[in-house]
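Chemist:
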Amino acid sequence: MREIDHNKAVRLITDTLKGPVAAVYRSLVPTFGDMKGDEFYDTVLTSSDLLHGCLLIFRKHRDAFAHLLVDNKGRTVNDDFVRLKCGRTVHDIIAMIVRTHAKKQFHAQLGGNPNDASSPAGKLYQAMSEYLIHEWQVPLVPHYAKLPVAKVRELGPLLLDIKTAADMPGAKPETAAKPVEDFVDSHSREADFWWETVNDPQVRQSLGNLNERDMRELTAAFCQLGDATRANLLAPLGLSLYQAAVLLGVSYRTLGRAGFTQIFGKPGNGGAVTAFHTKLKQKNVSSRTDVRSLARAVDGVLATMPRPVGMRSSDTRAMAAQ
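Under my numbering, the first residue of the sequence shown is numbered 1, with each subsequent residue one higher.
1) Does DSSP put Thr43 in a helix, in a strand, or in coil?
2) Tell me whether Thr289 sits in a helix, a strand or coil according to DSSP, three-state version.
3) Looking at the secondary structure, which residues open and close the alpha helix (DSSP H) in which Val90 lies?
4) Specify, as a first and last residue, the run of the alpha helix (DSSP H) that Val203 falls within.
5) Among residues of its own chain, excluding the 5 on either side of Met168, which ones have a beta-carbon nearer than 7 Å to its beta-carbon?
6) What's the call for Asn211, buried or exposed, on a 16-neighbour Cβ count within 10 Å?
7) If you measure from the CB of Glu212, is any heavy atom of the ligand PLP nearer than 7 Å?
8) Give the straight-line distance between the Cα atoms of Leu294 and Gly249, rounded to the nearest whole angstrom.
9) Consult DSSP for Tyr164 and reduce its assignment to one of helix, strand or coil.
10) Starting from Asp5, trace the alpha helix (DSSP H) both ways and give me its first and last residue.
11) Can you tell me which of Pro20, His277 and Gly33 puts its alpha carbon nearest to the alpha carbon of Phe65?
12) Rounded to whole angstroms, what's the CA-CA distance from Ser240 to Phe264? Just pull it up for me.
13) Under DSSP, the alpha helix (DSSP H) around Glu154 begins and ends at which residues?
14) Could you spell out where the alpha helix (DSSP H) holding Cys54 opens and where it closes?
15) Under 8 Å, do Ala245 and Thr197 count as touching if we go by C-beta distance?
16) Which term fits Phe81, buried or exposed, when burial requires 16 or more other beta carbons within 10 angstroms of its beta carbon?
17) Nearest to Glu130 by alpha carbon, out of Ala102, His107 and Ala108?
18) Given this structure, state the Cα-to-Cα distance separating His134 from Arg99, to the nearest angstrom.
19) Compute the beta-carbon to beta-carbon distance between Ile93 and Ile13, rounded to the nearest angstrom, for a pair I have assumed lies under 8 Å.
20) Near Leu17, which residues of its chain fall below 7 Å by C-beta distance, leaving aside the five closest residues on each side in sequence?
21) For Glu190, count neighbouring C-beta atoms within 10 Å of its own C-beta (all shown protein chains included) and say buried if the count is 16 or more, exposed if not.
22) Between Met242 and Val291, which are expected to be in contact by the criterion C-beta below 8 Å, what is the C-beta distance as a whole number of angstroms?
23) Can you tell me whether Gly74 is buried or exposed? The criterion is at least 16 other CB atoms within 10 Å of its CB, across all chains shown.
The following block contains the structure:
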């Protein structure tokens, strides 16, 4: 495309994200209901966690966006690499979104205009823009901002081999990624994302055909995770939301509400969380573990661990669906 066509495409995509796309999200996530187009766009594109959650929802509910995913003849496009009416593919648009998010993060963390190659944000963005491509990179963007420009240039395309923040050069376990952080300050929005996650068919199957009451109970528990659980368990393992839901759901099913809260809630039991993480690592649990294998691994580890002091045997009851 010529430059003028590129600029027109970018404007059209941005307007669509603020308008029709935002409208779909408002219908899927009720707590977005009070957000107008510009506010929705700025809020989502600024937050790694919120953007990551929205992309997960897009993948799960792609049919809700079908009326927007059409080619220049009005035919529905189901392939990420087929051009849409705007002249771009879904793959192209996701890369554009990831880069826009990176600009916002680099500006916030480093300062300067990310479009100015002489500014701190601009230097980093220029060095890595061609490698900002995939939606799975969104949770890593805040950690990219901490990389020296020289290191980014040295890595080049090898940046795409870094799949979790724990794999980031210089990453420390205690400061690794938190892909399951609070999405926004509002607990109700976090609950919406957890609710979407536990409703995923693979998650539900891994946890044993949950009923609605079970899912609401899990959602409430997951919204009350303690800092130790986030920093010393979920972050070092680099789990996706779906994997985290399976790990936590199996733990909740085995320990019961009281036991789960005592270990994984607020304030939680940091020693037990660390021991749990260590045993999972010994079983090679990582972001590459499929959810069924993960459920089996968690069950196996929990069977070998002592119950928290003061926990009643009745607290280990299975959920009603089991």
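Quick reminder that beta carbons are idealized off the backbone N, C-alpha and C, glycines included.
Note that the coordinates shown come from a computational prediction; the quantities given were computed from them, not determined experimentally.
Modeler: If we stick to the structure as given:
1) Taking the sequence shown and counting its residues from 1, one reaches residue 43 at position 43. Helix.
2) Start at 1 with the first residue of the sequence shown, and residue 289 comes out as number 289. Thr289: coil per DSSP, three-state reduction.
3) The residue labelled residue 90 in the question sits at position 90 within the sequence shown. It spans Val90 to Leu110 - the alpha helix (DSSP H) in which Val90 sits, taken as one unbroken run.
4) Taking the sequence shown and counting its residues from 1, one reaches residue 203 at position 203. Counting along the chain, the alpha helix (DSSP H) containing Val203 begins and ends at Pro201 to Leu207.
5) Translated into positions along the sequence shown, residue 168 becomes position 168. Residues His143 and Ile162 of the same chain have their beta carbon placed closer than 7 Å to that of Met168, with the five preceding and five following residues left out of the count.
6) Taking the sequence shown and counting its residues from 1, the one referred to as residue 211 is at position 211. Answer is exposed; the Cβ neighbour count stays below 16.
7) Among the ligands in the structure shown, none appear at all, so the ligand PLP cannot be discussed.
8) Stepping through the sequence shown from its first residue, residue 294 is reached at position 294. Stepping through the sequence shown from its first residue, residue 249 is reached at position 249. For Leu294 and Gly249, the gap between their C-alpha atoms comes out near 11 Å.
9) Position 164 of the sequence shown, counted from the first residue, corresponds to residue 164. Correcting the residue type first, residue 164 is Thr in the shown sequence and not Tyr. DSSP places Thr164 in coil when its eight states are reduced to three.
10) Walking along the sequence shown from the start, residue 5 turns up at place 5. Asp5 -> alpha helix (DSSP H) spans Glu3 to Thr16.
11) Taking the first residue of the sequence shown as 1, we reach residue 65 at position 65. Nearest option by C-alpha distance: Pro20.
12) Taking the first residue of the sequence shown as 1, we reach residue 240 at position 240. Taking the first residue of the sequence shown as 1, we reach residue 264 at position 264. Between Ser240 and Phe264, the C-alpha separation is close to 18 Å.
13) Here residue 154 is taken as the residue at index 154 of the sequence shown, counted from 1. Following the DSSP letters along the chain, one finds Glu154 inside the alpha helix (DSSP H) bounded by residues Val149 to Leu155.
14) Here residue 54 corresponds to residue number 54 of the sequence shown, with the count starting at 1. Its alpha helix (DSSP H) spans residues Ser48 to Lys60.
15) The count along the sequence shown starts at 1 and reaches residue 245 at position 245. The count along the sequence shown starts at 1 and reaches residue 197 at position 197. Less than 8 Å divides the Cβ of Ala245 from the Cβ of Thr197.
16) To locate residue 81, count along the sequence shown from 1; it is residue 81. The residue is exposed, with fewer than 16 neighbouring Cβ atoms inside 10 Å.
17) Within the sequence shown, numbered from 1, the residue matching residue 130 stands at position 130. Of the listed residues, the one whose Cα sits closest to Glu130 is Ala102.
18) Numbered from its first residue, the sequence shown carries residue 134 at position 134. Numbered from its first residue, the sequence shown carries residue 99 at position 99. So the alpha carbons of these two residues sit roughly 10 Å apart.
19) In the sequence shown, counting from the first residue as 1, residue 93 sits at position 93. In the sequence shown, counting from the first residue as 1, residue 13 sits at position 13. About 6 Å separates the beta carbon of Ile93 from that of Ile13, a gap short enough to meet the 8 Å contact definition.
20) On the sequence shown, position 17 is the one that residue 17 refers to. Excluding sequence neighbours, Leu17 sits near Tyr41.
21) Counting from one through the sequence shown, the residue named residue 190 turns up at place 190. Glu190 comes out buried.
22) Along the sequence shown, read from residue 1 onward, the residue named residue 242 stands at position 242. Along the sequence shown, read from residue 1 onward, the residue named residue 291 stands at position 291. Correcting the residue identity first, residue 242 is Tyr in this sequence and not Met. That belief holds up - the Cβ atoms of Tyr242 and Val291 are roughly 6 Å apart, short of 8 Å.
23) Looking up residue 74 in the sequence shown gives position 74. Label assigned to Gly74: exposed.
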